[in-house]
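Visitor:
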Amino acid sequence: MFRIDPTSATPPFEQLRGQVIEQVKSGRLASGAKLPTVRGLAVDLGVAANTVARAYRELEADGIIETRGRAGTFVAAAGDASERRVQELARQFAADVRRLGVDENAALDWVEAALRS
Numbered sequence: 001m002f003r004i005d006p007t008s009a010t011p012p013f014e015q016l017r018g019q020v021i022e023q024v025k026s027g028r029l030a031s032g033a034k035l036p037t038v039r040g041l042a043v044d045l046g047v048a049a050n051t052v053a054r055a056y057r058e059l060e061a062d063g064i065i066e067t068r069g070r071a072g073t074f075v076a077a078a079g080d081a082s083e084r085r086v087q088e089l090a091r092q093f094a095a096d097v098r099r100l101g102v103d104e105n106a107a108l109d110w111v112e113a114a115l116r117s
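Quick note on numbering: the sequence shown equals residues 1 to 117 in the working numbering.
#1: In terms of DSSP beta bridges, what is Ile65 paired with?
#2: Checking 8 Å against the spacing of the C-beta atoms, do Phe2 and Leu59 come in under that value?
#3: Check Leu29 in the structure and name its three-state DSSP category.
#4: Within this structure, are the beta carbons of Ala61 and Val38 separated by less than 8 Å?
#5: Could you tell me which residues DSSP pairs with Leu35 in its beta bridges?
#6: Just curious, the alpha helix (DSSP H) that Ala107 is in, first and last residue?
#7: Please confirm whether Gln15 and Asp5 have their CB atoms less than 8 Å apart.
#8: How big is the Cα-Cα spacing for Pro12 and Ala106?
#9: Return the Cβ separation of Lys34 and Phe74 in integer angstroms, given the expectation that the two are a contact with Cβ distance under 8 Å.
#10: Report yes if the CB atom of Ala76 is closer than 8 Å to the CB atom of Glu66, and no otherwise.
#11: Please classify Ala42: is it buried, with 16 or more other beta-carbons within 10 angstroms of its beta-carbon, or exposed?
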């Protein structure tokens, strides 16, 4: 499922993170698919459990995976993760627009232009 290249300049946690993202995007890991436990995957890959835990934490922060307590770690629903991330970015953008005193209509025009480019 996943492989770590010990000769790579890319840190192992980033290799794992990238592979999970790629497999989710390609559909090889479907929404709702259960991922291996941190310890189990660490043993399989020959890396420290903290390496897998870091990759999982970053993937969860990005909305790619979700931890459901003792049930385990699962691939998040793609639409949900994407929508949550965009909503978060929109809230941050709106807060910045207000904080900077930028005209809301101008800010919306810039967003529309960015989406068209």
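Every residue, glycine too, gets a C-beta built ideally from N, C-alpha and C. Owing to the predicted nature of the structure, the values given are computational and were not obtained by experimental measurement.
Guide: By the coordinates alone:
#1: According to DSSP, Ile65 bridges with Val75.
#2: Cβ distance not < 8 Å, so Phe2 and Leu59 don't count as in contact.
#3: coil
#4: Not in contact: Ala61 and Val38 (Cβ atoms no closer than 8 Å).
#5: Thr73
#6: 104 to 116
#7: yes
#8: 43 Å
#9: 5 Å
#10: yes
#11: buried
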